[in-house]
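Some notes on the structure that comes next.
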Amino acid sequence: MPSTMIEVRREYSEAEEVALIDAVHDAVVTGFQIPPQDKDVRLIVHAPHRFACSPRLTQPEYFTLVTIDCFAGRSIDAKRTLYAAMIANLKPFNIPADHVTILIRDHPTHNWGLRGGHPASDLDLGFTINV
(Lines of atoms letter the chains of each structure in order from A; the text may use other names.)
(Lines give C-alpha, C1' and ligand atoms only; values in the text may rest on other atoms or scores of the structure.)
Protein backbone atom coordinates (compact mmCIF):
# COMPACT_ATOMS: atom_id res chain seq x y z
CA MET A 0 0.00 0.00 0.00
CA PRO A 1 2.42 2.69 -1.13
CA SER A 2 1.70 6.31 -0.38
CA THR A 3 2.74 8.46 -3.32
CA MET A 4 3.24 12.19 -3.63
CA ILE A 5 3.75 14.03 -6.91
CA GLU A 6 5.23 17.53 -6.76
CA VAL A 7 5.24 19.79 -9.80
CA ARG A 8 6.15 23.38 -10.68
CA ARG A 9 3.38 24.17 -13.17
CA GLU A 10 -0.39 24.30 -13.35
CA TYR A 11 -2.35 21.57 -15.09
CA SER A 12 -6.05 21.47 -15.89
CA GLU A 13 -8.24 19.43 -13.56
CA ALA A 14 -8.49 16.66 -16.16
CA GLU A 15 -4.70 16.66 -16.60
CA GLU A 16 -4.22 16.48 -12.82
CA VAL A 17 -6.47 13.43 -12.61
CA ALA A 18 -4.66 11.83 -15.54
CA LEU A 19 -1.26 12.61 -13.99
CA ILE A 20 -2.31 10.98 -10.71
CA ASP A 21 -3.58 7.94 -12.61
CA ALA A 22 -0.39 7.70 -14.69
CA VAL A 23 1.83 7.73 -11.61
CA HIS A 24 -0.40 5.24 -9.78
CA ASP A 25 -0.40 2.93 -12.80
CA ALA A 26 3.42 2.93 -12.74
CA VAL A 27 3.39 1.94 -9.06
CA VAL A 28 0.87 -0.84 -9.79
CA THR A 29 3.07 -2.10 -12.64
CA GLY A 30 6.35 -1.93 -10.73
CA PHE A 31 5.26 -3.11 -7.31
CA GLN A 32 2.45 -5.44 -8.43
CA ILE A 33 -0.04 -3.97 -5.96
CA PRO A 34 -3.81 -4.19 -6.42
CA PRO A 35 -5.03 -1.25 -8.53
CA GLN A 36 -7.54 -0.28 -5.82
CA ASP A 37 -4.67 0.39 -3.36
CA LYS A 38 -4.54 4.01 -4.45
CA ASP A 39 -3.03 6.68 -2.21
CA VAL A 40 -1.66 9.46 -4.43
CA ARG A 41 -1.38 13.19 -3.73
CA LEU A 42 -0.53 15.96 -6.16
CA ILE A 43 1.05 19.17 -4.92
CA VAL A 44 1.41 22.09 -7.31
CA HIS A 45 4.09 24.53 -6.18
CA ALA A 46 4.65 28.06 -7.37
CA PRO A 47 8.00 27.80 -9.19
CA HIS A 48 9.74 30.17 -6.76
CA ARG A 49 8.80 27.80 -3.92
CA PHE A 50 10.18 24.64 -5.56
CA ALA A 51 13.76 25.06 -6.69
CA CYS A 52 15.31 22.66 -9.16
CA SER A 53 18.56 22.27 -11.01
CA PRO A 54 19.47 25.16 -13.33
CA ARG A 55 20.68 22.56 -15.87
CA LEU A 56 17.08 21.64 -16.77
CA THR A 57 16.03 22.92 -20.18
CA GLN A 58 12.36 23.16 -19.16
CA PRO A 59 12.39 23.70 -15.39
CA GLU A 60 8.63 24.23 -15.33
CA TYR A 61 8.32 20.48 -16.05
CA PHE A 62 10.47 19.30 -13.14
CA THR A 63 8.53 16.53 -11.40
CA LEU A 64 9.38 14.87 -8.09
CA VAL A 65 7.61 11.61 -7.25
CA THR A 66 8.09 10.34 -3.70
CA ILE A 67 6.87 6.87 -2.82
CA ASP A 68 6.69 5.69 0.78
CA CYS A 69 6.27 1.93 0.76
CA PHE A 70 6.82 -1.30 2.64
CA ALA A 71 10.42 -2.50 2.56
CA GLY A 72 11.10 -5.61 0.52
CA ARG A 73 10.77 -4.65 -3.14
CA SER A 74 13.63 -5.89 -5.29
CA ILE A 75 15.85 -3.67 -7.40
CA ASP A 76 14.20 -5.26 -10.46
CA ALA A 77 10.75 -4.18 -9.23
CA LYS A 78 12.12 -0.67 -8.70
CA ARG A 79 13.67 -0.64 -12.18
CA THR A 80 10.31 -1.67 -13.62
CA LEU A 81 8.61 1.11 -11.66
CA TYR A 82 11.15 3.73 -12.83
CA ALA A 83 10.74 2.74 -16.48
CA ALA A 84 6.94 2.68 -16.23
CA MET A 85 6.94 6.08 -14.51
CA ILE A 86 8.97 7.72 -17.29
CA ALA A 87 6.82 6.08 -19.99
CA ASN A 88 3.58 7.10 -18.25
CA LEU A 89 4.71 10.73 -17.85
CA LYS A 90 5.79 11.11 -21.48
CA PRO A 91 2.27 12.04 -22.71
CA PHE A 92 2.43 15.08 -20.38
CA ASN A 93 5.54 16.28 -22.26
CA ILE A 94 7.65 15.86 -19.13
CA PRO A 95 11.22 15.21 -20.26
CA ALA A 96 12.63 11.98 -18.82
CA ASP A 97 15.60 13.80 -17.31
CA HIS A 98 13.22 16.19 -15.52
CA VAL A 99 11.73 13.41 -13.35
CA THR A 100 13.16 12.36 -10.01
CA ILE A 101 11.68 9.33 -8.27
CA LEU A 102 12.43 8.83 -4.59
CA ILE A 103 11.48 5.56 -2.92
CA ARG A 104 11.47 5.42 0.87
CA ASP A 105 11.23 1.86 2.20
CA HIS A 106 9.70 1.39 5.65
CA PRO A 107 9.31 -1.76 7.78
CA THR A 108 5.71 -2.98 7.85
CA HIS A 109 5.51 -2.47 11.61
CA ASN A 110 5.89 1.29 10.98
CA TRP A 111 2.51 1.46 9.17
CA GLY A 112 -0.74 1.56 11.16
CA LEU A 113 -3.66 0.31 9.05
CA ARG A 114 -7.20 -1.01 9.19
CA GLY A 115 -8.19 0.35 12.54
CA GLY A 116 -4.73 1.02 13.94
CA HIS A 117 -3.07 -2.36 13.47
CA PRO A 118 0.59 -2.70 12.46
CA ALA A 119 0.74 -3.80 8.83
CA SER A 120 3.11 -6.56 9.97
CA ASP A 121 0.14 -8.15 11.80
CA LEU A 122 -2.22 -8.07 8.80
CA ASP A 123 -2.86 -10.12 5.68
CA LEU A 124 -2.20 -7.37 3.16
CA GLY A 125 -3.65 -9.26 0.22
CA PHE A 126 -0.54 -8.88 -1.94
CA THR A 127 3.12 -9.85 -1.92
CA ILE A 128 5.68 -7.25 -0.89
CA ASN A 129 8.76 -9.19 -1.98
CA VAL A 130 8.45 -8.76 -5.74
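Residue numbers (numbering that gives the first Met the number 0): 0 to 130. Here a beta-carbon is modelled for each residue, glycine too, at the ideal position from N, C-alpha and C.
Contact under 8 Å by Cβ, residue i with residue j
i, j, result
"Leu-113", "Phe-31", "no"
"Val-40", "Val-17", "no"
"Leu-56", "Thr-100", "no"
"Ile-43", "Glu-10", "no"
"Met-0", "Asp-37", "yes"
"Val-27", "Ile-75", "no"
"His-109", "Gln-58", "no"
Opposing strand residues paired with residue i [DSSP bridges]
i, result
"Leu-41", "Before going on, a small fix: residue 41 reads as Arg here, not Leu. BP columns for Arg-41 point to Met-4."
"Thr-100", "Leu-64"
"Cys-69", "Asp-105"
"Pro-118", "Gly-112"
Alpha carbon of residue i to alpha carbon of residue j, nearest angstrom
i, j, result
"Gly-116", "Gly-72", "22 Å"
"Asp-105", "Ile-20", "21 Å"
"Ile-128", "Pro-35", "14 Å"
"Ala-96", "Ile-33", "24 Å"
"Asp-25", "Pro-107", "23 Å"
"Trp-111", "Ala-83", "27 Å"
"Cys-52", "Ala-46", "12 Å"
"Arg-79", "Leu-102", "12 Å"
"Arg-49", "Ser-2", "23 Å"
"Ser-12", "Asn-93", "14 Å"
"Phe-62", "Met-85", "14 Å"
"Thr-29", "Ala-77", "9 Å"
"Glu-60", "Val-130", "34 Å"
"Arg-8", "Pro-54", "14 Å"
Rounded distance between the beta-carbons of residue j and residue i, thought under 8 Å
i, j, result
"Phe-70", "Ala-119", "7 Å"
I want to know whether the segment 111-124 touches the segment 86-103 - three or more CB-CB distances under 8 Å.
no
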